[in-house]
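Report on the structure given below.
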Amino acid sequence: MSAERRVHPRTPVHLRIAYQSAGVLKTDYVENISRGGLFVATEDRFELGQRIEMELYCVATRTSIPIRATVRWTGSQPPAPDAPPIMGIGVEFDEVKDPGRRSHLEAMIDAAFEPAPTVDPRNQIKVLVVDPNHYARELFRNGLKSMAREAFEVDGYLEVLEAADGLEALELARGIRFDLFMVELRTPEVDGGEIIRRIRRQVSQSTPIFAMSRPFPGDNAEALSAGADVFLRKPVQLKPLFNSLKVLLKFDARK
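According to our numbering, the sequence shown holds residues -5 to 249 in order.
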């Protein structure tokens, strides 16, 4: 929906949204909302005029509101200049004309401007993802951060930094204390196995390192001999990965 056609100004907040799609309950996050509706990033198919039952949950204030909405727009929009477009739907709230429901919704939006819970930088989990594939890095970054927000209901608890090649990865590893390295074995400039060996020699003997690649013969043995703790076969399933990280890095103890 273009800015010229938007009736209600868009407000930057952080909300968790639950909704039904093809009979399946979906949970996602939205980064902005207006008094009249919101944009939901999804690749699921929706029809114009389709009604959706939603529950909005404000992470900052831990308040929720069930609301009905109607799909008014489908398509894609760029999240930022030079960024790939994101598929999604624009929905209009059905109940904003009801004074009570509108008041509740606006109170939630206004409350989202209250200072959100902060994370002590000393307790922040830092992960470095090394992968030449932009979309793979984006998947890990967004997926892991979204799961951390949902699990701990606070922003900034998990920080994911990215490197597209081996030289960039090693420069970051030498300058920042990371809690975990995730290294694609096939990287330009310096291959993943050599990145792992240099991290072990020059940075840390104990920081966990997950090596990953689409499996080729010998990759597992190569990764482990280089010093990796775990070898992950692509495509990596994010939920089991996040659960492993919670145990390995003792997330709960750092809150």
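From the three backbone atoms N, C-alpha and C, an ideal C-beta is built for every residue, glycine too. Remember, it's a predicted structure, so these values are computed and weren't measured experimentally.
Taking Cβ positions, are E153 and G187 nearer each other than 8 Å?
For the purposes of this step, residue 153 is taken as residue 159 along the sequence shown, with counting starting at 1. For the purposes of this step, residue 187 is taken as residue 193 along the sequence shown, with counting starting at 1. Not in contact: E153 and G187 (Cβ atoms no closer than 8 Å).
So for P79, helix, strand or coil by DSSP?
Your numbering for residue 79 matches position 85 in the sequence shown. Of the three classes helix, strand and coil, the one that applies to P79 here is coil, per DSSP.
Count the other C-beta atoms from every protein chain shown that fall within 10 angstroms of the C-beta of G69, then say buried if there are 16 or more, exposed otherwise.
In the sequence shown, residue 69 corresponds to position 75, counting from 1. Classification of G69: exposed, given that the 10 Å Cβ count is below 16.
Tell me R263's beta-bridge partners as DSSP assigns them.
Nothing about residue 263 can be read from this structure; the chain reaches only from -5 to 249.
Since F134 contacts M176 with CB under 8 Å, what's their CB separation in whole angstroms?
Looking up residue 134 in the sequence shown gives position 140. Looking up residue 176 in the sequence shown gives position 182. Right, the Cβ-Cβ distance comes to about 7 Å (below 8 Å), so this counts as a contact.
To the nearest angstrom, how far is it from the Cα of A163 to the Cα of S97?
Taking the first residue of the sequence shown as 1, we reach residue 163 at position 169. Taking the first residue of the sequence shown as 1, we reach residue 97 at position 103. About 49 Å.
Cβ-Cβ separation, L179 to D213 (assumed contact under 8 Å), whole Å:
Residue mapping note: residue 213 aligns to position 219 of the sequence shown, counting from 1. Residue mapping note: residue 179 aligns to position 185 of the sequence shown, counting from 1. About 6 Å separates the two Cβ atoms, so the contact holds.
Here's a check: name, in chain order, each residue in its chain whose Cβ is nearer than 6 Å to the Cβ of M141, leaving out the five neighbours to either side.
Mapped onto the sequence shown, residue 141 falls at position 147. F236.
Reducing DSSP to helix, strand and coil, say where I193 ends up.
Residue 193 sits at position 199 when you count from the first residue of the sequence shown. Here I193 sits in helix by DSSP.
Identify which residue in R194, D159, A130 has its Cα closest to the Cα of L311.
Past the edges of the chain, shown from -5 to 249, lies residue 311, and the structure says nothing about it.
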